[in-house]
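Residue numbers (the numbering used here), protein chains in the order written: chain A, 32 to 142; chain B, 304 to 417. In what follows, a single structure is set out as structure tokens and then discussed.
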Amino acid sequence: KQEVTQIPAALSVPEGENLVLNCSFTDSAIYNLQWFRQDPGKGLTSLLLIQSSQREQTSGRLNASLDKSSGRSTLYIAASQPGDSATYLCAVRPQGGKLIFGQGTELSVKP
Amino acid sequence: NAGVMQNPRHLVRRRGQEARLRCSPMKGHSHVYWYRQLPEEGLKFMVYLQKENIIDESGMPKERFSAEFPKEGPSILRIQQVVRGDSAAYFCASSPRNDYNEQFFGPGTRLTVL
């Protein structure tokens, strides 16, 4: 059974720091991995999608990597800003349509 | 191109009533997924539908819950005889195909059962 774990559960950093969020999954048989952002009381915003054949994806200050064989992904945020404060969710897609989510990392960036 | 639309955004029901949640996928998307986020819990898959077909309902409770995605109109998640434990945020996502594609999420419907 696929399980997704995100570490840490919460993170507080001063503005300007570079930071790394971790995601691990137990079954390497995935089609892709998606990183989302969720603001309190809001929906999910897709940040990056990495196909199983890819190693990384970049969008602006965000970089996500995928090591399928070891069951790990990281989301790197450069030069963090207070506007980056949100919960970050990692989700893997095994065979079929559904996404399996981690519990999320709640990020707070202090000005 | 409008995103995934969900309505209502907030829904209050008393125990025993029915709740109907609607989801209009992005234009050109024929695959719809429903997820539930219970308080203090992560997002859990409920059901995956294509037009007029349920593809995977492995995450949906066997009783009181049903979903449809008709040929015309939005996808509907129906909860009959709601109980307090059904209070949650219900999210819909859509994608143009099943394989390999991103899922785009709507803003969610927050259901409160009194």
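Just so you know, even glycine gets a beta-carbon here, dropped at the ideal spot from N, CA and C. Remember, predicted model here, so these are calculated numbers, not experimental data.
{"Query": "B:Asp-359 in three-state terms, based on DSSP", "Result": "strand"}
{"Query": "Residue-chain proximity (B:Tyr-351, chain A), Cβ-Cβ < 7 angstroms", "Result": "yes"}
{"Query": "Min CB distance B:Phe-372 to chain A below 7 angstroms", "Result": "no"}
{"Query": "Contact the segment 87-106 of chain A vs the segment 382-401 of chain B: 3+ CB pairs below 8 angstroms", "Result": "no"}
{"Query": "Identified DSSP bridge partners for B:Leu-414", "Result": "B:Leu-314, B:Ala-391"}
{"Query": "Where A:Asp-115 falls: helix, strand or coil (DSSP)", "Result": "helix"}
{"Query": "Cβ of A:Gln-134 within 7 angstroms of any chain B Cβ", "Result": "yes"}
{"Query": "Coarse secondary structure for A:Ile-108, derived from DSSP in three states", "Result": "strand"}
{"Query": "Interface flag, B:Glu-343 vs chain A, CB-CB below 7 angstroms", "Result": "no"}
{"Query": "Chain-ordered neighbours of A:Gln-65 on chain B, where CB pairs are closer than 9 angstroms", "Result": "Glu-405, Gln-406"}
{"Query": "Exposed unless 16 or more other CB atoms sit within 10 angstroms - verdict on A:Ala-41", "Result": "exposed"}
{"Query": "Closest by C-alpha distance to A:Ser-100, when choosing among A:Asp-58, A:Val-44, A:Asn-53", "Result": "A:Asp-58"}
{"Query": "DSSP state of A:Asp-98 mapped onto helix, strand, coil", "Result": "strand"}
{"Query": "7 angstroms Cβ cutoff, B:Gly-411 in contact with chain A", "Result": "yes"}
{"Query": "Separation of B:Lys-365 from A:Tyr-62, as counted between CA atoms", "Result": "28 angstroms"}
{"Query": "Beta carbon proximity, B:Asp-359 to chain A, threshold 7 angstroms", "Result": "yes"}
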